[in-house]
Amino acid sequence: MGYIFIRITCILLFISPINGKSYRKEDFLSYGSPLSRIKRFPENLFSNQEYFMNFFDNIYEIFDKVGDKMVDKKDCSYEGKLNPNYSLNSSISRNLNPCSDFYSYVCSGWYLCKDEIPKHSRYMNRYTEAYIIAENRFKDIVDSFNNSSNVFERSVYNYFDNCVDYHQNDQNGTKYVLNIIKKNEYKKLSSLEDLMISRHYQPIFYQISSGYIFGNTSMYQMAITLNNPDERYDCYCGGMDKNSIKKYKKYLKGILELIRIEDPDFFESSDKKSEINDRIKVLQSYSKFLRKINSDYVYNQTAPSYYDYITVNELNSITPSVNWTNYFLKTFPNKILNFKDVSNMKVLVNRKDMLSKIENYLTGLSDESYRYLIDWIILFNNYDKLDTKFQDLTNKYFPFLGRKYTNEDIIDMCYMKIYSTFQEFMDYSYLKMYFKDNEKKDVENIVKNLLRTMDDMIYDADWISSKTKNAISKKLTNMEVIVGYDNKTNYLLKIYDDLSEMEPLLDSDNYLEMTEKISKWLYDQSFVNYITQNITDIVGLTVYSDIFYSEKENILIIPGVYLQKDYYSINNSVPLNYGGIGFLTMFTLFDRLNDCSKNYIDFDDSCKFCDKNTKKSYSKIKKCIDEAHRKVSNHEDYESFKYLLLNDEVINKDAVLKVVYKAMKKAFSSYDSEDKRNNNGLEDFNEDQLFFINYAFNYCERDRDCVFSGGSNCDGASEWKKSIVNSPLKNNEDFKEAFNCKAGDTMANENVCKIF
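Following this line, the structure appears as structure tokens:
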């Protein structure tokens, strides 16, 4: 069992390869990413999200000036409407030979579209388009709240309206933030606990969060990590470069000079110049200390466990400056005050030896240094509320982190803030307005057919042992499939019961006060979930998210964002739906179940199926497929190149294609003839061809430019992208038959490696 902790570092900011794969911005910041599944963490966990978004926006602005090499663009719209298949139909280049390069056959037209790539995305692909549709729908929902008869919905719109007004009219929150700092009476280490209680919804030295346990979406866990007040130090001074440190000191001095102009009484000493230097030294020293203890752990092979489960009593002994039992009792919201067994409550800590080190560090500070450090922490916790001149200062020293919002950007930012603040309520509103029960039932039937087919094909595979077959069959037979929402939960009553508390908090026109109160409410709600979620077994609503399989619960979740566009439509023909939502769902599932060659450390034992005999047979098939993929990739340094793939990505695609194709054929044969050809411009293809075309279209994408990818042709796909689509097809006899590929064609392997 494990827990998701996210700390976006400067390595991610510069888009360096992680585990051999170059992640995109949307992998970290959009709701359609793995990170979206931790969206129920307290808002303050992502207090720097705005900076990360601006970083990418500004990078794209710079790279756009390099020159967009797209040429001969064509209009890919379908009479100006969002037709379910217009982009697929216009993407196919019928003049190309599908047996030569199937990816180019399906995707070449995609590169010639003149559709603009969204500002916050590097790529335009199928998911981006689906995301845009969902994003626009959420905006429409917020706008509809303006005239709603529901008090809470009108309050939400009032908060949105205040957000726009505040940011468009040169926000003036510096006095508000400085008053928070000046009124703070807890400026001694002996009163750290009182400070943490008074501002428990924002991190001080410790980041206290509750969130879903990884692999079990109905179980919550409390977690404690160290808080770094200013991530810029790690990113720009990590190498101890003198120029970077000098620049960083100038930036901090600029902040304090702006504060001096705004409020001269903020400083304690009459010698303000000397005090400014002392305050800078305190923050630099603390940031350097945090970086050192983190790096010591990374390079220490004998370091203790990364995460430790300990009781609150144990926590008290590690950090005696805080009575954690008292802290939790005084910060638990009224709903859970009847929970008394706090001392024995288990929490997950980010290396308890580091907690000891921070305790020793704080104990060694002078009273003055401690006060200065507390001031910095509160300031950075509320930095986004400061006047625009502070943002201008950030733009000057750190342009990639600066905020250069137009009025349109501000409106979009406030829409996003509404969604991120009231996620479950917004998800519910989305599903209520746009998601139909007949669609939910249709997708559930598709997935159940796929699960039965996979079970049958695994049973017939002679290389899989009986023990492994029985283990997987048990999982597939008992698997719960959730499409959009869970029928077991009355979300309407739950959401309105929880959020009705928010009405008085939103009854104001002061945006900063509203934000402060909402942050506290969100944090309190996370504690309620932690204490009560373990017994209520509620699976959260999902609209913006990846398809997700939870091994521990044996639940497969298909979110609302996938139930549109080319992924799925109730009006699409069977082959299109199976090639879209069908393939992606089963690929996610099979990738989680197939542990025959995985080397990573599992969080639990629930997904370990392959025994020794099965692994031995699997290794032979894998070797065959790897060798075939080597030939397809045509890459000089294949050993390095193949690690751009997910673990066993090609072999999993190979297996899933065969499963989904067989399930599609069964479903297709059961439909009436008049229902089989609803293909909107794709009538020149038969059902087998449509299936493989839509599978490939899942991976068509257009890059904003070639700077990151290093490619020389902006209009084409990378060899990696082509190979992960083409390689499984070359090993697929049904594909070769569908497109009449012959021996000698590029898309026809001489030898077929049979997994199913």
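According to mature numbering (1 follows the signal peptide of the UniProt record, and there is no 0), the stretch in the sequence shown is residues -20 to -1, 1 to 736, in order. The beta carbon of each residue, even a glycine, is placed where N, CA and C say it ideally should be. Note that the structure is a prediction, hence the values are computed from the model and not measured.
Pairwise C-alpha distance: E667 and E419: If I take the Cα positions, the gap works out to 21 Å.
Reduced DSSP secondary structure (H/G/I, E/B, other) of A203: Here A203 carries a strand assignment [DSSP, helix/strand/coil].
Where E699 sits in the DSSP three-state scheme: If DSSP states are grouped into helix, strand and coil, E699 belongs with the helices.
DSSP beta-bridge partners of K602: Paired residues: none, contrary to the question.
Spatial neighbours of L172 in its chain, beta-carbon cut-off 8 Å, leaving aside the 5 residues before and after: Within the same chain, Cβ atoms closer than 8 Å to the Cβ of L172 are found at Y166, I184, F185, S301, V302 and L342, the five residues on either side in sequence being excluded.
Length of the line joining the Cα atoms of Y465 and F528: Computed Cα separation, rounded: 13 Å.
For N425, the nearest candidate out of D664, N208 and V554 (CA to CA): Nearest option by C-alpha distance: V554.
Contacting residues, own chain, Cβ-Cβ under 8 Å from D591 (five flanking each side not counted): Closer than 8 Å at the Cβ level, and outside the excluded window around D591, lie S445, K447 and T448.
Assigned exposure category for D440 - 16 Cβ within 10 Å defines buried: Exposure of D440 is indicated by the presence of fewer than 16 other C-beta atoms within 10 angstroms of its C-beta.
9 Å Cβ cutoff met for Y675 and F563: Cβ atoms of Y675 and F563: closer than 9 Å.
Alpha-carbon to alpha-carbon, E460 and N77: In a straight line, the C-alpha of N77 is about 42 Å away from that of E460.
Inter-residue spacing [alpha-carbon to alpha-carbon] between D123 and M176: Rounded to the nearest angstrom, the two C-alpha atoms are 37 Å apart.
3 or more residues per run - each beta strand (DSSP E) lying fully within the region 240 to 266: List check, beta strand (DSSP E) in window: nothing returned.
Alpha-carbon spacing of K310 relative to N552, whole angstroms: CA-CA distance, K310 to N552, rounds to 55 Å.
DSSP state of E460 mapped onto helix, strand, coil: The answer is strand: DSSP assigns E460 an E or B state.
Nearest candidate by alpha-carbon position, reference F269, set T305, E255, E339 and Q669: That would be E339, whose Cα lies nearest to the Cα of F269.
In DSSP terms, what N330 is bridged to: For N330, which the question treats as bridged, DSSP gives the partners Y287.
Three-state class that DSSP yields for R682 in the structure shown: Correct three-state label for R682: strand.
Residues near L670 in its chain [Cβ-Cβ closer than 8 Å; skip 5 each side]: Setting aside the 5 residues that flank it on each side, L670 is surrounded in the same chain by S553, P555, L556, G559, N659 and L662, each with a C-beta closer than 8 Å to its C-beta; the list follows chain order.
Per-residue DSSP class, three states only, for I538: I538: strand per DSSP, three-state reduction.
Under the three-state DSSP convention, the category I42 falls into: The predicted position of I42 is uncertain, since its pLDDT is 35 and thus under 50; a value taken from the coordinates is nonetheless stated next. Looking at I42 - three-state DSSP - the assignment turns out to be helix.
Touching by the beta-carbon criterion (3+ pairs, under 8 Å), the region 534 to 543 and the region 488 to 495: By the Cβ rule, the region 534 to 543 does not count as touching the region 488 to 495, because fewer than three pairs are nearer than 8 Å.
Local Cβ density within 10 Å of N116, reported as buried at 16 or more and exposed below that: With fewer than 16 Cβ atoms within 10 Å of its Cβ, N116 is classed as exposed.
R74 classed as buried or exposed, judged by whether at least 16 other C-beta atoms fall within 10 angstroms: It counts as exposed.
Contact with chain C by K702, beta-carbon distance below 9 Å: Looking at the structure shown, chain C is missing, and only one protein chain is on hand.
Nearest-angstrom Cα separation, counted from M413 out to L543: Distance between the alpha carbons of L543 and M413: 14 Å.
S349, enclosing alpha helix (DSSP H) - first and last residue: Residue range D347 to N361 is occupied by the alpha helix (DSSP H) that includes S349.
D367 versus I290 - alpha carbon distance: Distance between the alpha carbons of D367 and I290: 42 Å.
Proximity of A643 and F672 at Cβ, strictly below 9 Å: It is not a contact, given that the beta carbons lie outside the stated cut-off.
DSSP three-state assignment for I338, whether helix, strand or coil: In the structure shown, the three-state DSSP call for I338 is helix.
As assigned by DSSP and simplified to three states, the class of I527: The answer is coil: DSSP assigns I527 none of H, G, I, E or B.
Cα-Cα separation, E294 to V327: Distance between the alpha carbons of E294 and V327 is about 10 Å.
Three or more C-beta pairs below 8 Å linking the region 594 to 605 and the region 629 to 640: Here the region 594 to 605 makes contact with the region 629 to 640; the two share three or more CB pairs at distances below 8 Å.
Cβ distance (whole Å) where A110 is taken to contact V463 below 8 Å: Contact doesn't hold; Cβ gap of about 15 Å is too wide.
Supposed close pair D81, T594 - CB separation, criterion 8 Å: That pair is no contact at about 34 Å.
Cα-Cα separation between Y363 and L411, rounded to whole angstroms: A direct Cα-to-Cα measurement between Y363 and L411 gives close to 35 Å.
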